[in-house]
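Novice: Take this structure, written in structure tokens, and hold onto it; I'll ask about it next.
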Amino acid sequence: MFWACRKAVKDVFLPYFDQAIWFQNTSMYHFSMFHASHHLEPIVATEDEIEAEVEAVKGVTKNLCPLKIVLDRVVLTSTGVLLGLWQVESGTDPAEIRSRLREALPRAPQKQLYDPVLLHTSFARILGHPRLPKEVSQFYLSINVKACFIF
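Counting in the UniProt record's numbering, the sequence shown runs from 1 upward without gaps.
Structure below.
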């Protein structure tokens, strides 16, 4: 499925952005359910605390129904990130999963980095301005040249 997403994103965006787009490696595609620590609120943990967190997460996940998700839409953020937004077809609601993780990981940052019901994957980042594909550029050049000769 991820290869199909990557191919579609490349097919649509590469003609317009060529060297001005960075594509996420498909082996790195993911969505975050919960952050035990993040760059805005780093939580320092000892090896024992990390092991306790791992066990707490295992305790939460063993009672969850697996998620079946489908790609719902692709959006471009104001900061140039191309996101895939996922729709849950079945399984435990993401808000419920995050709520249980919040209870299991009390040291985690209170402010998480996403909407509690949203599942998203970063597909690419736009790094510069778009360009017109060659055939479109030639079409507009042709129109402009013809327009010059009309007057």
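Cβ coordinates follow ideal geometry from the N, Cα and C atoms, glycine included.
Please read these numbers as outputs of a predicted model, since none were measured by experiment.
Let's see if you can read the secondary structure: which residues bound the beta strand (DSSP E) around Ile126?
Specialist: That run of the beta strand (DSSP E) goes 120 to 126.
Novice: Roughly how many angstroms separate the alpha carbons of Leu14 and Lys7, rounded to a whole number?
Specialist: Their Cα atoms are separated by approximately 10 Å.
Novice: How about His120 and Gly84: do their beta carbons lie closer than 8 Å?
Specialist: Against a cut-off of 8 Å, the Cβ pair of Gly84 and His120 comes out as a contact.
Novice: What whole-angstrom Cβ distance do Leu101 and Val57 have, given they're in contact under 8 Å?
Specialist: Right, their Cβ atoms sit about 7 Å apart.
Novice: Taking Arg73 as part of the alpha helix (DSSP H), name the residues at either end of that continuous run.
Specialist: Counting along the chain, Arg73 falls outside any alpha helix (DSSP H), though it belongs to the beta strand (DSSP E) covering 68 to 76.
Novice: For Phe2, which residues in the same chain have their Cβ closer than 6 Å to its Cβ, ignoring the five residues on either side in sequence?
Specialist: Here the set comprises Thr26, Tyr29.
Novice: Do the CB positions of Thr92 and Leu118 come within less than 8 Å of each other?
Specialist: Going by C-beta atoms, Thr92 is not nearer than 8 Å to Leu118.
Novice: Under the rule that 16 or more other beta-carbon atoms within 10 Å means buried, what is Gln24, buried or exposed?
Specialist: Flag for Gln24 reads buried.
Novice: Would you give the residue range spanned by the alpha helix (DSSP H) that Ile97 belongs to?
Specialist: From DSSP, the alpha helix (DSSP H) with Ile97 extends over 94 to 104.
Novice: Look up Gln87 in the DSSP assignment and give the residues it is bridged to.
Specialist: Bridge partners of Gln87: Val70.
Novice: Drop a sphere of 10 angstroms on the beta-carbon of Glu53, count the other beta-carbons inside from all chains shown, and report buried for 16 or more, exposed for fewer.
Specialist: Glu53 should be labelled buried.
Novice: Return helix, strand or coil for Ile43, following the three-state DSSP convention.
Specialist: Coil at Ile43, not helix or strand.
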